[in-house]
Amino acid sequence: MNNLNVFRLSHVCVRVTDLERAENFYVNLLGFVETEKDGDYLYLRGIEEGQHHSLVLKKASSPGLCYIAFRVREGLDKARELGNSVKFKEKGVEDSILLESPGGVPLLFYEDMEYVGDIRLKFHLHRGVSPVKLAHVNYMVGDLGREERFFKELGFVETEHFLDKTGRKTVVWLTRRGNSHEVAIAESKKKVPGFHHETYYVHDVKDVIRAADLLASMGYWDNIERGPGRHGATEGYYIYLRDLDMNRLEFFTNDYEVLDPDKWRTVEWTHEQFRFRSDFWGRPIPDSWLQEWMPVENLNGELRRWEA
1259 MNNLNVFRLS HVCVRVTDLE RAENFYVNLL GFVETEKDGD YLYLRGIEEG QHHSLVLKKA
1319 SSPGLCYIAF RVREGLDKAR ELGNSVKFKE KGVEDSILLE SPGGVPLLFY EDMEYVGDIR
1379 LKFHLHRGVS PVKLAHVNYM VGDLGREERF FKELGFVETE HFLDKTGRKT VVWLTRRGNS
1439 HEVAIAESKK KVPGFHHETY YVHDVKDVIR AADLLASMGY WDNIERGPGR HGATEGYYIY
1499 LRDLDMNRLE FFTNDYEVLD PDKWRTVEWT HEQFRFRSDF WGRPIPDSWL QEWMPVENLN
1559 GELRRWEA
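Using the working numbering, you'd call the opening residue of the sequence shown number 1259 and step up by one each time.
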């Protein structure tokens, strides 16, 4: 295991083209808690998150991923040994390291973030679907094995994986904190590296359904991409939405907890099980979910271009 002691998945920074429009969608409609707006950045969190933010919306010329962030207990200086990296500073975080994963996905590591307090028991402030906390992220790379080894060296445990028709592993689910997964990584031969979605945990299946009702009531039917449904892999009830820039967001609940990671036996899904691995009820998956994801930034804050 690397000496960088990763504690948990912390936050995600996503690009949006209109910050005011995004604020209305994420805060006023979906119910994210707004910590503050600072220039071209909007800092949000869930109702049980006391840290300054778990979702940053950055105004940019096009959508995509800026970075995925992890909190570490100690050893931040060791992050520089993991690959090409730069020192980085963001609101609420004084000292952090931004680097690229082996597959080219921007990852941020830090030890401490400003604490602002949660609104867990302030029920009169809960709105929308009441997002609770950042649950996991999902992204695409060209070489899954190399990316998987990177996270396992950081102490992540493989909970589940999916095999293609040749028996080759093409999707892996990994956890550090102990829930079903914090990171899901899929292999693709095109449009890599790419960011598929971030997911927020909600307390009840009714909150998953409420997300669909809220978007439908606003006339955003085309932004309800997939679900409500239930995954076979990870067990969770889900719904996938697209924001007004087509960034993908999932609301998710009722997955399992890995109580003894050292004794966990990785759940294996074969190609023949694809239908109910992805949706336990066997419901079809939209082509957009299977074929569309967003580009990611490089360490200079510029979007990486995909090969044609």
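For every residue, glycine included, the Cβ atom is placed at its ideal position computed from N, Cα and C.
_Inside the stretch 1291 to 1359 only - beta strand (DSSP E) runs reaching at least 3 residues_ = 1291 to 1296, 1299 to 1303, 1313 to 1317, 1322 to 1332, 1343 to 1348, 1351 to 1358
*asked:* Looking at residue 1312: is its Cβ nearer than 9 Å to the Cβ of residue 1268?
replied: In the sequence shown, the residue the question calls residue 1312 occupies position 54. In the sequence shown, the residue the question calls residue 1268 occupies position 10. Cβ atoms of residue 1312 and residue 1268: closer than 9 Å.
_Classification of residue 1259 by the beta-carbon crowding that lies within 10 angstroms, buried from 16 upward_ = Counting from 1 along the sequence shown, the entry for residue 1259 is found at position 1. Note that residue 1259 scores a pLDDT of 49, beneath 50, so its modelled location is shaky; the value from the coordinates is reported in the next line. The residue is exposed, with fewer than 16 neighbouring Cβ atoms inside 10 Å.
*Closest to residue 1424 by CA distance: which of 1529, 1279, 1407, 1559 is it?*
Here residue 1424 is taken as the residue at index 166 of the sequence shown, counted from 1. Looking at the Cα atoms, 1529 is the closest of the given residues.
_One question on the structure: do residue 1418 and residue 1431 come within less than 9 Å of each other, judged by their Cβ atoms?_
The sequence position of residue 1418 within the sequence shown is 160, counting from 1. The sequence position of residue 1431 within the sequence shown is 173, counting from 1. Contact flag set, yes.
_Which listed residue (1475, 1368, 1338, 1550) has its alpha carbon closest to that of residue 1270_ = The count along the sequence shown starts at 1 and reaches residue 1270 at position 12. Minimum Cα distance to residue 1270 is reached at 1368.
*How long is the line joining the alpha carbons of residue 1471 and residue 1341, rounded to whole angstroms?*
Against the sequence shown, residue 1471 aligns to sequence position 213. Against the sequence shown, residue 1341 aligns to sequence position 83. Distance between the alpha carbons of residue 1471 and residue 1341: 44 Å.
*To the nearest whole angstrom, what separates the beta carbons of residue 1412 and residue 1264, a pair I think is in contact under 8 Å?*
Stepping through the sequence shown from its first residue, residue 1412 is reached at position 154. Stepping through the sequence shown from its first residue, residue 1264 is reached at position 6. Confirmed, Cβ separation roughly 5 Å.
*Counting only the same chain and skipping the five closest in sequence on each side, list residues whose C-beta sits under 7 Å from that of residue 1378.*
Taking the first residue of the sequence shown as 1, we reach residue 1378 at position 120. Within the same chain, residue 1378 has close Cβ partners 1305, 1306.
*asked:* Along the chain, where does the alpha helix (DSSP H) containing residue 1467 start, and where does it finish?
replied: Residue mapping note: residue 1467 aligns to position 209 of the sequence shown, counting from 1. Element bounds for residue 1467: 1463 to 1475.
_Chain-order list of residues whose beta-carbon lies under 7 Å from that of residue 1331 (same chain, five-residue window excluded)_ = Along the sequence shown, read from residue 1 onward, the residue named residue 1331 stands at position 73. Excluding sequence neighbours, residue 1331 sits near 1263, 1265.
*asked:* Please report the straight-line C-alpha distance between residue 1443 and residue 1428, rounded to a whole angstrom.
replied: Indexing the sequence shown from 1 puts residue 1443 at position 185. Indexing the sequence shown from 1 puts residue 1428 at position 170. The alpha-carbon atoms of residue 1443 and residue 1428 are separated by roughly 8 Å.
*Considering only residues of the stretch 1525 to 1553, which uninterrupted alpha helix (DSSP H) runs meet the minimum length of 4 residues and lie entirely inside it, listed in chain order?*
1532 to 1536, 1545 to 1549
*Straight-line CA distance for residue 1328 to residue 1408?*
For the purposes of this step, residue 1328 is identified with residue 70 of the sequence shown, where counting begins at 1. For the purposes of this step, residue 1408 is identified with residue 150 of the sequence shown, where counting begins at 1. Roughly 14 Å between the two C-alpha positions.
*Beta-carbon proximity check, residue 1323 vs residue 1397, cutoff 9 Å*: Position 65 of the sequence shown holds residue 1323. Position 139 of the sequence shown holds residue 1397. Their beta carbons are under 9 Å apart, which means residue 1323 touches residue 1397 by this criterion.
*Compute the Euclidean distance between the alpha carbons of residue 1403 and residue 1360, then round it to the nearest angstrom.*
If you number the sequence shown from 1, residue 1403 lands on position 145. If you number the sequence shown from 1, residue 1360 lands on position 102. Those two C-alpha atoms are separated by around 10 Å.
*Taking the C-alpha atoms as reference points, what is the distance between residue 1362 and residue 1382?*
On the sequence shown, position 104 is the one that residue 1362 refers to. On the sequence shown, position 124 is the one that residue 1382 refers to. Spanning the two alpha carbons is a distance of roughly 42 Å.
*Nearest residue (CA-CA) to residue 1498, options 1514, 1558, 1537, 1303*: Mapped onto the sequence shown, residue 1498 falls at position 240. When each option's Cα is compared against that of residue 1498, the closest is 1537.
*Could you tell me the boundaries of the beta strand (DSSP E) in which residue 1444 lies?*
Mapped onto the sequence shown, residue 1444 falls at position 186. Taken as a continuous stretch (DSSP letters only), the beta strand (DSSP E) holding residue 1444 covers 1441 to 1445.
*Please confirm whether residue 1501 and residue 1274 have their CB atoms less than 9 Å apart.*
Counted from its first residue, the sequence shown places residue 1501 at position 243. Counted from its first residue, the sequence shown places residue 1274 at position 16. Yes.
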